[in-house]
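A.B. asks:
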Amino acid sequence: MYRPKSDVPFFQLDPQYRRQVFSDTTFQLDEGEVYTLHALQKNFTSKASGLLLRQETFHKQSFSDDRVYVNFYNYSAEGFYQAPESQKIAPAVVVEGLFQLCIRDTMGIYLSLYRGQAHQDGDYANSIVLTNDSIASPAFDKTYLTTLRHDSFSGSVMPYVSFPLWMGDETDHIYTDLWERFYFLAPGLDIHHHAYSEYGLSDGSNEYTGGLITKTQGNFAVINSLLQGQRIFVSNDYSDRRYHAGAGIYNLVINTHSGVDNHRSFATVNSIEVINGQVYLTTIQRRYAPPIYQ
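Numbered per the numbering used here, the sequence shown spans residues 18 to 311.
Here it is in structure tokens:
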């Protein structure tokens, strides 16, 4: 159902809005269960829409406090990947992100864990230049994690995969500057040897003048899970105007003032969803000891 974005209760809306039905269906919701409800475009060609109900399982599972958990979904509309670029991107709009034109229906996901979040503000809004990042461990350098398959109909819960919160040298186990980069790669391609670049090109007057260095045909994409999802530029020096073309989301490791520690690092349980060229993150809310100021 479509309605204006306002505080007006549904039954006080004009009749024209109460008649614009988005979807008409019935779900059975069982006591004590947790659900996620999505309103999705089901078919990109016909523009048919519908609802998808996912019955969650995280509240029935045991999770370790020293591991970060995540599962992945591709809820893109049927036909979105196959549709021509002109139907996905407005005329004269530069394709500046690796996910914009979608990914294939089956993709391997690989994980690199980085240390170092120190940064300078970038020249553009919501952009940064990292100053001390490096691979946290050879064990997590483009390491296979899981396989993502398109499924926008079943509502099945995908298995959680995990990685360690601590890399071994944080002796106090209070704070880590860990962050994550997820690579999506089509089957049959080698994560260490393929033809696709992670970067796009800009100039001094526009963030994404050149767009992607290579078009990926849906074979390759990246997610940067760092800070608050800012765009990462290589340098503020105009001699190198590359930016990282991965989608930006919040870090899966939460660093917050808790107790006497500012900051303290916490592991999380997350879902990452790819929908029609966009990437969405849901992190399950948890409680932290309130800050103590000394």
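Cβ atoms here follow ideal geometry from the backbone N, Cα and C, with glycine treated the same way.
State yes or no: is the C-beta of W196 within less than 9 Å of the C-beta of N241?
C.D. replies: As a working mapping, residue 196 is identified with position 179 in the sequence shown. As a working mapping, residue 241 is identified with position 224 in the sequence shown. Yes. Within cutoff.
A.B. asks: By how many angstroms is the C-alpha of K77 removed from the C-alpha of Y305?
C.D. replies: One-based indexing of the sequence shown puts residue 305 at position 288. One-based indexing of the sequence shown puts residue 77 at position 60. Approximately 21 Å, taken between the alpha carbons.
A.B. asks: From the DSSP output, in three-state form, read off Y161 for me.
C.D. replies: Mapped onto the sequence shown, residue 161 falls at position 144. If DSSP states are grouped into helix, strand and coil, Y161 belongs with the strands.
A.B. asks: Ignore the nearest five residues each way along the sequence and tell me which others in G172's own chain have a CB closer than 6 Å to its CB.
C.D. replies: For the purposes of this step, residue 172 is taken as residue 155 along the sequence shown, with counting starting at 1. Cβ neighbours of G172 beyond the five flanking positions: L69, L70, R71.
A.B. asks: Who pairs with S252 in a beta bridge, going by DSSP?
C.D. replies: For the purposes of this step, residue 252 is taken as residue 235 along the sequence shown, with counting starting at 1. DSSP, once it has assigned bridges, lists no residue as partnering S252.
A.B. asks: Straight-line CA distance for N268 to S179?
C.D. replies: Here residue 268 refers to the residue found at position 251 of the sequence shown. Here residue 179 refers to the residue found at position 162 of the sequence shown. Roughly 14 Å separates the two Cα atoms.
A.B. asks: Give me the Cα-Cα distance between I292 and K59, rounded to the nearest whole angstrom.
C.D. replies: Walking along the sequence shown from the start, residue 292 turns up at place 275. Walking along the sequence shown from the start, residue 59 turns up at place 42. Distance between the alpha carbons of I292 and K59: 11 Å.
A.B. asks: For N287, list the residues DSSP reports as bridge partners.
C.D. replies: In the sequence shown, residue 287 corresponds to position 270, counting from 1. Answer is V87, T300, bridged to N287.
A.B. asks: Apart from the five residues on each side of it in sequence, which residues of its chain come closer than 7 Å, Cβ to Cβ, to F44?
C.D. replies: Taking the sequence shown and counting its residues from 1, the one referred to as residue 44 is at position 27. Result list for F44: L70, in chain order.
A.B. asks: Kindly indicate which three-state DSSP category Y34 falls into: helix, strand or coil?
C.D. replies: To locate residue 34, count along the sequence shown from 1; it is residue 17. Helix.
A.B. asks: Rounded to the nearest angstrom, what separates G125 and L115 at their Cα positions?
C.D. replies: Against the sequence shown, residue 125 aligns to sequence position 108. Against the sequence shown, residue 115 aligns to sequence position 98. Each residue's Cα considered, the two are about 15 Å apart.
A.B. asks: What residues in its chain sit with their C-beta under 7 Å from that of Y213, if we drop five residues either side in the sequence?
C.D. replies: Taking the sequence shown and counting its residues from 1, one reaches residue 213 at position 196. Within the same chain, Y213 has close Cβ partners T231, T233, N236, F237.
A.B. asks: Report the partner residues of M124 according to the DSSP bridge assignment.
C.D. replies: Counting from one through the sequence shown, the residue named residue 124 turns up at place 107. Paired residue(s): L165.
A.B. asks: State the start and end residues of the unbroken beta strand (DSSP E) segment that holds S320.
C.D. replies: As shown, the chain starts at 18 and ends at 311. That puts residue 320 outside it, with no answer to give.
A.B. asks: Would you list, in sequence order, the uninterrupted beta strand (DSSP E) runs of no fewer than 3 residues that lie entirely inside the segment 188 to 226?
C.D. replies: Those beta strand (DSSP E) runs which fall completely within the segment 188 to 226 and span 3+ residues are 195 to 202, 216 to 218.
A.B. asks: So does the segment 125 to 134 actually touch the segment 193 to 207, counting three or more Cβ pairs closer than 8 Å?
C.D. replies: The answer is yes - the segment 193 to 207 touches the segment 125 to 134, with three or more Cβ pairs under 8 Å.
A.B. asks: For A203 and H167, what's the separation of their Cα atoms in angstroms?
C.D. replies: Looking up residue 203 in the sequence shown gives position 186. Looking up residue 167 in the sequence shown gives position 150. About 13 Å.
A.B. asks: With burial defined as no fewer than 16 other Cβ atoms inside 10 Å of the residue's Cβ, what is the status of I249: buried or exposed?
C.D. replies: Counted from its first residue, the sequence shown places residue 249 at position 232. With 16 or more other Cβ atoms within 10 Å, it is buried.
A.B. asks: Can you name the residues that DSSP bridges to T231?
C.D. replies: Here residue 231 is taken as the residue at index 214 of the sequence shown, counted from 1. The partner list for T231 (beta bridge, DSSP) is empty, contrary to what the question assumes.
A.B. asks: Would you mind working out which of S219, G246, F170, L182 sits nearest R281, comparing C-alpha positions?
C.D. replies: Taking the sequence shown and counting its residues from 1, the one referred to as residue 281 is at position 264. R281 has its Cα closest to that of L182, out of S219, G246, F170, L182.
A.B. asks: Can you tell me whether DSSP reads F170 as helix, strand or coil?
C.D. replies: Against the sequence shown, residue 170 aligns to sequence position 153. It is coil, neither helix nor strand.
A.B. asks: Between T160, Q295, A135, which has its C-alpha nearest L244's C-alpha?
C.D. replies: For the purposes of this step, residue 244 is identified with residue 227 of the sequence shown, where counting begins at 1. Residue A135 is the option with its Cα nearest to L244.
A.B. asks: Apart from the five residues on each side of it in sequence, which residues of its chain come closer than 8 Å, Cβ to Cβ, to R84?
C.D. replies: As a first step, residue 84 is located in the sequence shown; it is residue number 67 there, counting from the start. Closer than 8 Å at the Cβ level, and outside the excluded window around R84, lie S179, F180, P181, L182, A284.
A.B. asks: What does Y131 pair with, by DSSP beta-bridge criteria?
C.D. replies: By one-based count along the sequence shown, residue 131 stands at place 114. Its beta-bridge partners are I152, W196.
A.B. asks: Leaving aside the five residues before and after R121 along the sequence, list all residues of the same chain whose C-beta is less than 7 Å from its C-beta, in chain order.
C.D. replies: As a position in the sequence shown, residue 121 is number 104, starting the count at 1. Contacts found: Y98, A203, G235, N236.
A.B. asks: Less than 8 Å between the CB atoms is what I'm expecting for A262 and E224, so what's the real figure, rounded?
C.D. replies: Within the sequence shown, numbered from 1, the residue matching residue 262 stands at position 245. Within the sequence shown, numbered from 1, the residue matching residue 224 stands at position 207. That belief does not hold up - the Cβ atoms of A262 and E224 are roughly 11 Å apart, past 8 Å.
A.B. asks: Whose C-beta lies closer than 8 Å to the C-beta of N287 among residues of the same chain, with five residues either side of it excluded?
C.D. replies: Walking along the sequence shown from the start, residue 287 turns up at place 270. Same-chain partners within the cutoff: V85, Y86, V87, N88, L269, L298, T299, T300, I301.
A.B. asks: Apart from the five residues just before and just after T160, which ones in its own chain have a Cβ nearer than 8 Å to its Cβ?
C.D. replies: To locate residue 160, count along the sequence shown from 1; it is residue 143. Excluding residues within five positions, the ones whose Cβ falls inside 8 Å are Y127, L128, S129.
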